[in-house]
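Asker: Remember, my numbering sits 177 above the position in the sequence shown when you count from 1.
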Amino acid sequence: MSKITTVQLFKNIKTLVEKSKQELYVIANTTLTETYFHIGRLIVDYEQQGSKRAAYAKETLINLSAKLSAALGKGVSVDNLENMRKFYLLYKDDYLKYISKNQKSEPVARKLKTAPKSETVSRKSDVIEKSDPLARKLSLSPFKLSWTHYVMLLKIENPIERKFYEIEATAENWSKRELHRQYESALFERLALSRNKAKVKELSKKGHIVEKPSDAIKDPYILEFLDLQEQDFYSESDLEKAIINKLEHFLLELGKGFLFVDRQKRIKMDGDDYKIDLVFYHRILRCFVLIDLKIGTLQHKDLGQMQMYVNYYDEEIKAAEENKTIGIILCKNKKESTIKYTLGKGNKQIFASKYKVFFPEKQILKLIREQ
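1. Please confirm whether residue 217 and residue 265 have their CB atoms less than 8 Å apart.
2. Please look up how many angstroms separate the CB atoms of residue 365 and residue 334, rounded, as I've assumed it's under 8 Å.
3. If we ignore side chains and look at the alpha-carbon of each, how far apart do residue 331 and residue 344 end up?
4. In the DSSP assignment, find the unbroken beta strand (DSSP E) run with residue 457 in it and report its ends.
5. Starting from residue 440, trace the beta strand (DSSP E) in both directions and tell me its first and last residue.
6. CB-CB under 6 Å to residue 541, same chain, minus the five flanking residues each way: which ones, in chain order?
7. Using the beta-carbon count (16 or more within 10 Å), is residue 466 buried or exposed?
8. Should residue 277 be labelled buried (16 or more other beta-carbon atoms within 10 Å of its own) or exposed?
9. For residue 506, which three-state DSSP category applies?
10. By the 10 Å Cβ neighbour count, where 16 or more other Cβ atoms means buried, how is residue 135 classified, buried or exposed?
11. Within 10 angstroms of the Cβ of residue 250, are there 16 or more other Cβ atoms? Answer buried if so, exposed if not.
12. Is residue 239 closer than 8 Å to residue 363 when the C-beta atoms are compared?
13. Going by Cα to Cα distance, which pick from 245, 319 and 253 is closest to residue 270?
14. Going by DSSP, name the residue or residues bridged to residue 466.
15. Excluding the 5 residues flanking residue 123 on each side, which residues of the same chain have their C-beta closer than 8 Å to its C-beta?
16. Quick check on the DSSP output: the alpha helix (DSSP H) that includes residue 324 runs from which residue to which?
17. Does DSSP put residue 495 in a helix, in a strand, or in coil?
18. With C-beta atoms as the reference, is residue 461 less than 8 Å away from residue 481?
19. Alpha helix (DSSP H) containing residue 192: first to last residue?
20. When DSSP labels each residue in this structure, what does residue 537 get in the three-state scheme?
Right, here's the structure in full:
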């Protein structure tokens, strides 16, 4: 055995401690996520005992949160319990498939395989818990991300898109902040529309985020009419331009009184330049219609900016006999409370609506396989 110096001894111990800390962090995260999944299971199992109990789900969670908070402290708010419930409902099938596929212990595997189809996650989980030590159970866990990652993933409605971001976050070791950034940059849509997917992913790592709000429309406007052409690669600005192009033609072909006025309309206030993506005039309503597209989640600043555009048009552009200007923000996701408290109850001029982009099934399946 060769002699080691004190410097090398220091490095070896430091490396060991740092590695142990990282392992403890991973185990703690996995344990927490698994625990929250099974809390969700217990809540759903309780609700399914009878239709009356299911009807009072919200009241049950409020009472449960109060009791658990008093006994356990933080982490069991009503919102978090609702997330746990949703987490279980969205991931229970994946959980069962993963456990059944990766279970190596013959007696347990046999029990899982021979269990009737109607058997719940509860029964299968009990088998695993009784048969395996903690370390083995953690190695079998399908949950590779932290709870905060999954809370964000729960907000993605499209299951294929959700799975895409889960796979990418795991493979690329994204932080929760990085996951949020990639989602807001519409990485999923841009990859699906691009031939050179490696180029899009390379750009995405450099932080090319579109900050400005953009064009919009109705609730939820399903952009099947887009028929976006596959090209070498899509940046966020390319996707915005493509949607705006199609949106402009769509509204004009739709008729219903829409008259095109301007695109990327520049207005100047206090020395600052602003651009309104699309401006129409509605012949029947006799008012201007301003449209903005937001590639990511709607923020209160986007509502404030649209309010400014609407106020400007009402004060400076519209004639006295014309009706008040309407502003429409088309966004991928919207938060009802943000809209409610930013615009107030009396708002009748600004509307935030979700868009959904549909891709051919083969195109999506190809993208998922490539991940």
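Even for Gly, the Cβ is constructed at its ideal location relative to N, Cα and C.
Answerer: From the atom records:
1. yes
2. 12 Å between Cβ atoms; not a contact.
3. 14 Å
4. 449-459
5. 435-446
6. Confidence at residue 541 is low in this model, with a pLDDT of 37, below 50, so its placement is unreliable and no value can be given for it.
7. buried
8. exposed
9. strand
10. This structure cannot settle anything about residue 135, because the visible part of the chain is limited to 178 through 548.
11. exposed
12. no
13. 319
14. 457 and 503
15. The requested residue 123 does not occur in the structure, where the chain is confined to residues 178 to 548.
16. 324-330
17. coil
18. no
19. 183-224
20. With a pLDDT of 37 at residue 537, under the threshold of 50, the modelled position of that residue is not reliable, and the figure given next carries that caveat. It is coil, neither helix nor strand.
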